[in-house]
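Undergrad: Chains as they are written, first to last, in my numbering: chain A, 6 to 211; chain B, 6 to 211.
Glycine included, C-beta positions come from ideal geometry on N, C-alpha and C.
Computed from a predicted structure; not experimentally measured.
Pasting a structure below so you can have a look.
2 protein chains.
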Amino acid sequence: MGTSSEVPDIVVGRLPIYLRALTVLEAQGQEIASSHELGQRLGISSAQIRKDLSHFGEFGKQGTGYNVDYLRRQLQRILKVESELEVALIGAGDLGHALAHYDGLNKRGFRITAIFDSDPAKQGEKPCACVIQDTANMAQILREKGYKIAVIAVPAEAAQEVADTCVEAGVKVLLNYAPITLSVPAEIQVQQIDPVVHLQRMTYYL
Amino acid sequence: MGTSSEVPDIVVGRLPIYLRALTVLEAQGQEIASSHELGQRLGISSAQIRKDLSHFGEFGKQGTGYNVDYLRRQLQRILKVESELEVALIGAGDLGHALAHYDGLNKRGFRITAIFDSDPAKQGEKPCACVIQDTANMAQILREKGYKIAVIAVPAEAAQEVADTCVEAGVKVLLNYAPITLSVPAEIQVQQIDPVVHLQRMTYYL
Chain A
6 MGTSSEVPDI VVGRLPIYLR ALTVLEAQGQ EIASSHELGQ RLGISSAQIR KDLSHFGEFG
66 KQGTGYNVDY LRRQLQRILK VESELEVALI GAGDLGHALA HYDGLNKRGF RITAIFDSDP
126 AKQGEKPCAC VIQDTANMAQ ILREKGYKIA VIAVPAEAAQ EVADTCVEAG VKVLLNYAPI
186 TLSVPAEIQV QQIDPVVHLQ RMTYYL
Chain B
6 MGTSSEVPDI VVGRLPIYLR ALTVLEAQGQ EIASSHELGQ RLGISSAQIR KDLSHFGEFG
66 KQGTGYNVDY LRRQLQRILK VESELEVALI GAGDLGHALA HYDGLNKRGF RITAIFDSDP
126 AKQGEKPCAC VIQDTANMAQ ILREKGYKIA VIAVPAEAAQ EVADTCVEAG VKVLLNYAPI
186 TLSVPAEIQV QQIDPVVHLQ RMTYYL
């Protein structure tokens with residue numbers, strides 16, 4: 006990974022925000038954007054944006070702004086979403102269905118190509134281009150197809166076991182919607198989405 | 006707010022995680038938990054947990070661990086979720102429906118008591134205890150009922166206008182699921198949930 010392994014995680018965390026903003030600007034037909042303009046859109050200082058991007062090279066000349074299309078493609082490359090990445094979704098409840106229907110994933114580098122649920126009543130349903138399969142077959146399918154990314158949308162009680170199975174099957178990136186803290190090996194990337202955690206950290210300030 | 010206004014935001018952000026873990030421990034019948042045990046569950050050092058909690062008082066005696074029920078109730082008080090808080094949900098698409106059905110909100114301090122959607126075909130539906138109402142009536146209802154918390158689950162194009170309406174109507178806390186960065190006054194709390202941002206900050210490491 007060269008120097009990129011030294012980039013602070015908090016900087017990496019802002020890159021997808023920059024990429025999202027650049028994608029919007031490009032869709033609007035804008036060709037050049039200054040760090041100042043990006044910063045105003047994102048509530049981030051222009052100095053911070055320039056410093057973050059400088060970890061990865063030289064993307065613009067002083068005073069001329071960034072070429073929107075070029076910087077967008079560079080960020081896609083850095084974030085490994087130049088070509089579409091396949092995602093396995095585990096859990097086909099309300100949230101799983103919402104994720105399966107969500108076209109925002111496809112547009113931004115990810116495609117759900119396998120869905121698993123332990124409920125026989127759901128197996129065989131087709132909420133998107135793929136059919137819901139039995140969780141019992143998950144380990145084999147994840148391994149055979151070489152899935153590196155999984156989204157966990159099962160109840161809290163089932164989430165750790167699902168995560169363990171994913172990791173054993175070679176998954177490296179887990180997005181966890183279950184409201185528990187997963188225990189995984191250090192080399193596995195985990196992020197959690199728990200709306201209650203987000204709400205409570207804000208209600209503190211009420 | 007006294008000294009609490011000086012607590013770093015990153016510390017505030019960990020409190021809901023501690024509260025969640027304590028709620029699980031209590032449901033399992035555990036009465037006492039050490040910072041070491043909590044830390045192991047959460048992947049956070051015990052020193053960090055003790056330091057975080059020390060911002061808010063003295064919750065345990067050296068060597069005896071925390072009283073699970075007491076600490077849980079204190080964190081609920083600190084995070085203002087002792088009694089249920091009412092939440093307005095804007096957007097009744099797939100994600101809005103999933104949120105309306107999600108009992109994890111109710112169990113942890115929040116109840117969706119108003120839902121709005123601009124689609125006449127959805128208005129009148131009842132995905133939970135409340136009926137989907139016309140977004141055109143949102144400002145008036147938010148203001149009259151005094152909503153302080155709103156969840157935005159509308160498409161990106163509509164999100165800024167919805168946020169503006171919420172803020173004008175007195176909402177102080179916004180949880181935004183739309184994939185754009187909202188522009189709001191500094192005194193408004195905003196958090197965003199965008200699964201693609203979470204995925205991309207992990208695929209960087211692939």
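Taking the beta carbon of B/Asp122 as the centre, do at least 16 other beta carbons fall within 10 Å, making it buried, or is it exposed?
TA: In the second sequence, the residue the question calls residue 122 of chain B occupies position 117. That one is buried.
Undergrad: Strictly under 8 Å for the Cβ-Cβ distance: is B/Thr208 near chain A by that measure?
TA: Numbered from its first residue, the second sequence carries residue 208 of chain B at position 203. B/Thr208 counts as touching chain A.
Undergrad: For chain B, is any of its Cβ atoms less than 8 Å away from the one on A/Arg25?
TA: Residue 25 of chain A sits at position 20 when you count from the first residue of the first sequence. Output row for A/Arg25: interface = yes.
Undergrad: With contact counted as at least three CB pairs below 8 Å, one residue from each stretch, are the segment 146-155 of chain B and the segment 176-195 of chain B in contact?
TA: Yes: the two stretches touch, three or more of their Cβ pairs being nearer than 8 Å.
Undergrad: According to DSSP, is A/Tyr210 part of a helix, a strand, or is it coil?
TA: To locate residue 210 of chain A, count along the first sequence from 1; it is residue 205. It is coil, neither helix nor strand.
Undergrad: For the candidate residues A/Ala32, A/Ala93, A/Asp14, whose alpha-carbon lies nearest to that of A/Gln220?
TA: What the structure shows of chain A is the stretch from 6 to 211, and residue 220 of chain A is not part of that stretch, so it cannot be assessed.
Undergrad: Taking the alpha-carbon positions, what's the B/Met207 to A/Pro21 distance?
TA: As a working mapping, residue 207 of chain B is identified with position 202 in the second sequence. As a working mapping, residue 21 of chain A is identified with position 16 in the first sequence. Answer to the nearest angstrom: the Cα atoms are 10 Å apart.
Undergrad: Cβ closer than 8 Å: which chain B residues qualify as neighbours of A/Pro190?
TA: What you label residue 190 of chain A is simply residue 185 of the first sequence in a count that begins at 1. None at all; the shortest Cβ gap to chain B is about 11 Å.
Undergrad: Where does the unbroken alpha helix (DSSP H) through B/Val172 begin, and where does it stop?
TA: Translated into the one-based positions of the second sequence, residue 172 of chain B becomes position 167. Its alpha helix (DSSP H) spans residues 161-173.
Undergrad: Under 8 Å, Cβ to Cβ, is there at least one residue of chain B near A/Lys150?
TA: Along the first sequence, one-based indexing puts residue 150 of chain A at 145. No, A/Lys150 lies away from the interface with chain B (no Cβ there is under 8 Å from its Cβ).
Undergrad: Enumerated in chain order, which unbroken segments of the beta strand (DSSP E) with a length of 3 residues or greater are wholly contained in the segment 34-72 of chain B?
TA: The segment 34-72 of chain B contains these whole beta strand (DSSP E) runs: 70-72.
Undergrad: So, B/Tyr209 versus A/Ile83, is the Cβ gap smaller than 8 Å?
TA: Taking the second sequence and counting its residues from 1, one reaches residue 209 of chain B at position 204. Taking the first sequence and counting its residues from 1, one reaches residue 83 of chain A at position 78. For B/Tyr209 and A/Ile83, yes; Cβs fall inside 8 Å.
Undergrad: Using a Cβ distance threshold of 8 Å, determine whether the segment 95-104 of chain A contacts the segment 112-132 of chain A, with at least three qualifying pairs required.
TA: Yes, they touch.
Undergrad: Is it right to say B/Tyr75 is buried, meaning 16 or more other beta carbons lie within 10 angstroms of its own, or is it exposed?
TA: As a working note, residue 75 of chain B is residue 70 in the second sequence. The residue is exposed, with fewer than 16 neighbouring Cβ atoms inside 10 Å.
Undergrad: When the cut-off is 8 Å and only beta carbons count, does B/Glu167 lie next to chain A?
TA: Walking along the second sequence from the start, residue 167 of chain B turns up at place 162. A quick correction: the sequence has Val, not Glu, at residue 167 of chain B. Taking Cβ atoms only, chain A never reaches closer than 8 Å to B/Val167, which makes this a no.
Undergrad: Give the range of the alpha helix (DSSP H) segment to which B/Asn111 is assigned.
TA: Position 106 of the second sequence, counted from the first residue, corresponds to residue 111 of chain B. Looking at the DSSP string, the run of the alpha helix (DSSP H) that includes B/Asn111 is 108-112.
Undergrad: Starting from B/Ala32, trace the alpha helix (DSSP H) both ways and give me its first and last residue.
TA: Here residue 32 of chain B refers to the residue found at position 27 when the second sequence is read from its first residue. Here the alpha helix (DSSP H) through B/Ala32 covers 14-32.
Undergrad: Against chain A, with Cβ distances strictly below 8 Å, would B/Arg46 count as a contact?
TA: The residue labelled residue 46 of chain B in the question sits at position 41 within the second sequence. Yes, B/Arg46 counts as interfacial toward chain A.
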